[in-house]
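Okay, structure first, notes after.
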Amino acid sequence: MARIKAQCPTCGDMILHQSELQLRVCVDNDRAEYLFRCPVCDMTVSKGCSDRIVDRLIDVGVPLTEWSLPAELFERPSGPPISHRDLVRFRLTLQDDEAWADAVRQLPQ
Ligand SMILES: [Zn+2]
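In the working numbering, the protein residues as written are 14 to 122.
So, in structure tokens, the structure goes:
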């Protein structure tokens with residue numbers, strides 16, 4: 014049973030069991046962080062960590078989760094940028110119930 018020293022920014026240093034931590038590694042950029050819920054203030058604490066710390070946490074049994082960046086980050090919008098005129102038109106549409114109903118009907122399903 015491994016005990017791991019961690020630090021909550023509010024409550025300070027504490028000793029946690031390996032099952033109280035989670036290790037997350039992003040497969041797209043290899044960034045790693047460990048997380049835990051502080052037993053004193055109940056806030057989730059997240060801290061980035063180096064490859065060396067990742068290896069040590071895995072060695073002592075901290076559960077590892079791999080995740081990917083959301084696909085939306087890689088999407089590029091098409092069409093012209095939103096202009097001031099577009100914003101004015103949108104505001105006027107929001108103030109007109111009939112125009113708003115028309116706009117909603119035109120949305121793709
Ligand atoms: Zn705390």
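For every residue, glycine included, the Cβ atom is placed at its ideal position computed from N, Cα and C.
Rounded to the nearest angstrom, what separates R37 and D26 at their Cα positions? Straight through space, the alpha carbons of D26 and R37 are spaced by roughly 21 Å.
Taking the continuous beta strand (DSSP E) assigned at R37, which residues delimit it? Here the beta strand (DSSP E) through R37 covers L34 to C39.
Just checking T57 against ligand 1 - is the residue's beta carbon closer than 7 Å to any of the ligand's heavy atoms? For T57, the distance from the CB to the nearest heavy atom of ligand 1 is not below 7 Å.
Under 8 Å between the Cβ atoms of V75 and Q20? Going by C-beta atoms, V75 is not nearer than 8 Å to Q20.
Taking the continuous beta strand (DSSP E) assigned at F103, which residues delimit it? Counting along the chain, F103 falls outside any beta strand (DSSP E), though it belongs to the alpha helix (DSSP H) covering H97 to Q108.
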